[in-house]
Amino acid sequence: MKRKLEEESINLIGRTAAERSLDRIYNRQKAELKKLKSKEDDTKTYIAFNKQLPFPEVSNKDNTLKSDPKPTLKSEPTKRTLNEVLDDLRKKHIPNRNKFAKGVALLSKLSNSYFKESYKTETDVTHMDFFSVFNTVNDVFVREFSGIVPKYCLDEKAALSSLTEVIDYLLSLSNKPDSAVVKVQTKDEVKTEQNDRKISTEDKKLNQSLNRYSHKFTFEEVLFLKLLKVSFCYASSLWYENDPFVFHTIVNNLKSFFEDFLSETTNGFVVTDLSRPVGVGFELPTRDELMTLQLKSFVRTLSVVFTFFDMPWSKSSLVPLFSLVYLKRDVFDEADKTRITNWQSHINSNRAKGYKCKSTIYTIYIQIYTYYNNQWNININIRLIKLFNV
1 MKRKLEEESI
11 NLIGRTAAER
21 SLDRIYNRQK
31 AELKKLKSKE
41 DDTKTYIAFN
51 KQLPFPEVSN
61 KDNTLKSDPK
71 PTLKSEPTKR
81 TLNEVLDDLR
91 KKHIPNRNKF
101 AKGVALLSKL
111 SNSYFKESYK
121 TETDVTHMDF
131 FSVFNTVNDV
141 FVREFSGIVP
151 KYCLDEKAAL
161 SSLTEVIDYL
171 LSLSNKPDSA
181 VVKVQTKDEV
191 KTEQNDRKIS
201 TEDKKLNQSL
211 NRYSHKFTFE
221 EVLFLKLLKV
231 SFCYASSLWY
241 ENDPFVFHTI
251 VNNLKSFFED
261 FLSETTNGFV
271 VTDLSRPVGV
281 GFELPTRDEL
291 MTLQLKSFVR
301 TLSVVFTFFD
311 MPWSKSSLVP
321 LFSLVYLKRD
331 VFDEADKTRI
341 TNWQSHINSN
351 RAKGYKCKST
361 IYTIYIQIYT
371 YYNNQWNINI
381 NIRLIKLFNV
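Residue numbers (full-length UniProt numbering): 1 to 390.
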């Protein structure tokens, strides 16, 4: 029995005869087009190979004359002279706060190498070129760090300590040679010539081993090195210092510096005006100017030392130093005199409080200790009244 299809299901039954005939025509045309295209591709390669190009300089180019491309030469780093490096340090790196530590560390390495070895071969640089950069370091230190203990400056302290070693080495050169020769001459006057020759050969070997800088510094140059020492060497050494022995050593060195300064003022000294015209190059200041700068730097370093006053272990060396400075305050200017007076008044007031507290503690201790000896207790209390005014 033939099933009757509904009208909606008629559209779902395959394609009509007309559509199938069109499909046969389309498929046949598609196959023919594919054959034609394959034939065209085969002939196209041959035609394109023999076809003349429109550019004769390309088509007639001789391939046998082709050469390999030249390798690109890498630019070698230009070797800079020591004078140029020092000039860059003085103008660019050290005045920059972010590059200060690295610049000072590089300067200390160059200085150590120059004054111990390379001064024999470096002819375009003198010690005054290094002194000029040292002066820049001092100016930046005074502007950025003077009179305070800055925070988070461990790299700066390490760099300045390395430069301090160079300055100590230069000061040792200025102090040792002449005095050593005088001592040998006075002690060995009676000795034979053979012993004198042995001593001279030993001295030569010692000088060669130490490889000392042959230049003799002038008096003003030595004063300049001492200025650097008291300006940033001592102050930076005190940053974050908690070792009492190191602190006492630095304070004693400051005291000896001030005593030497006072002995030098006996030859005549006048506080001079430090406003100088800006010159093209570095000029070493005069004697009075250097001594005035030393006083200013000394007071700035004292302000760093005074920050240790609250430490109980600091007073044994700190109080004598400030007492000496207070007694000799007439050599300073008016502004520094005021600061020194304020420091001394603060020290005296706190020291008086400390003595009162100390006397009461001793009185209580001795009374408890001598509770079983009433006769001793009376005698000791009388002594306390005389010594501590209880």
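Note that CB positions come from ideal geometry on N, CA and C, so glycine has one too.
On a predicted model such as this, the values are computed, not experimentally measured, just so you know.
| Taking all protein chains shown into account, do 16 or more other C-beta atoms lie within 10 angstroms of the C-beta of Glu156, making it buried, or fewer, making it exposed? | buried
| Alpha-carbon spacing of Lys116 relative to Leu170, whole angstroms | 10 angstroms
| query | Of the choices Lys37, Phe282 and Lys255, whose alpha-carbon is the least far from that of Glu221? | reply | Phe282
| query | Within this structure, are the beta carbons of Thr136 and Arg90 separated by less than 8 angstroms? | reply | yes
| field | DSSP state of Lys328 mapped onto helix, strand, coil | value | coil
| Can the beta-carbon of Asp124 be found less than 8 angstroms from the beta-carbon of Leu86? | Against a cut-off of 8 angstroms, the Cβ pair of Leu86 and Asp124 comes out as no contact.
| query | Does DSSP put Glu165 in a helix, in a strand, or in coil? | reply | In the three-state reduction of the DSSP assignment, Glu165 falls in the helix class.
| Gln294 beta carbon less than 8 angstroms from that of Leu225 | no
| task | Could you have a look at Lys315 and say whether DSSP puts it in helix, strand or coil? | result | helix
| query | Do Phe306 and Trp343 have their C-beta atoms closer together than 8 angstroms? | reply | yes
| Straight-line Cα distance separating Lys255 from Phe332 | 16 angstroms
| said: Just to confirm, is the Cβ distance from Thr272 to Asp260 under 8 angstroms? | reply: no
| query | Could you check where the alpha helix (DSSP H) with Phe232 kicks off and where it finishes? | reply | From DSSP, Phe232 is part of no alpha helix (DSSP H); its letter is neither H nor E.
| query | Relative to the C-alpha of Asn252, which residue among Asn267, Val230, Lys99 and Glu334 is closest? | reply | Val230
| request: Within its chain, find whatever has a CB closer than 8 angstroms to the CB of Thr16; leave out the 5 residues flanking it on each side and keep chain order. | output: none
| Based on Cα-Cα distance, which residue from Cys153, Ser161 and Ser113 lies nearest to Tyr99? | Sequence check: residue 99 is Lys here, not Tyr. With distances taken between CA atoms, Lys99 lies nearest to Cys153 out of Cys153, Ser161 and Ser113.
| request: Specify the secondary structure class of Trp343 as computed by DSSP and reduced to three states. | output: helix
| task | Would you mind reading off the limits of the alpha helix (DSSP H) that contains Tyr114? | result | Taken as a continuous stretch (DSSP letters only), the alpha helix (DSSP H) holding Tyr114 covers Phe100 to Lys116.
| Whole-angstrom distance between Leu110 and Val246, CA atom to CA atom | Distance between the alpha carbons of Val246 and Leu110: 27 angstroms.
| said: For Glu122, tell me which candidate among Phe145, Leu82 and Lys151 has the shortest Cα-Cα distance. | reply: Leu82
| Pairwise C-alpha distance: Asn242 and Phe131 | 32 angstroms
| DSSP three-state call for Leu274: helix, strand or coil? | In the structure shown, Leu274 sits in coil (DSSP, three-state: anything other than H, G, I, E or B).
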